[in-house]
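The sequence shown begins at 1 in the UniProt record's numbering and counts up one residue at a time.
Yeah, the Cβ is synthetic: ideal placement off N, Cα and C, and Gly gets one too.
In this text the structure is predicted, and so the values were computed from the model without any measurement.
Read through the structure below, which is laid out as structure tokens, and then see the notes.
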Amino acid sequence: MAPLNFDRKITLLEKIFIVNRDTHKEIIAKLDYDAPSCPDCGSQMKKYDFQKPSKIPYLEMTGMPTR
Numbered sequence: 001m002a003p004l005n006f007d008r009k010i011t012l013l014e015k016i017f018i019v020n021r022d023t024h025k026e027i028i029a030k031l032d033y034d035a036p037s038c039p040d041c042g043s044q045m046k047k048y049d050f051q052k053p054s055k056i057p058y059l060e061m062t063g064m065p066t067r
């Protein structure tokens, strides 16, 4: 199995940390721009829920189905 390549391909991310766990890798990143204001109500919009942690099983990342 070829090793995964986690080169920085997305330029909008900063502070990328890769943590190796037993069954998965955790990738912790932050967007490098502030979220814009909502055009309708004026409050600050979310960054597409990117701040919420999400875990992708390692097998799905390598192309092997888990189900």
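DSSP lists I27 as the bridge partner or partners of I18.
In this structure, the straight-line span from the alpha carbon of V19 to that of D32 is close to 20 Å. A direct Cα-to-Cα measurement between S37 and A29 gives close to 22 Å.
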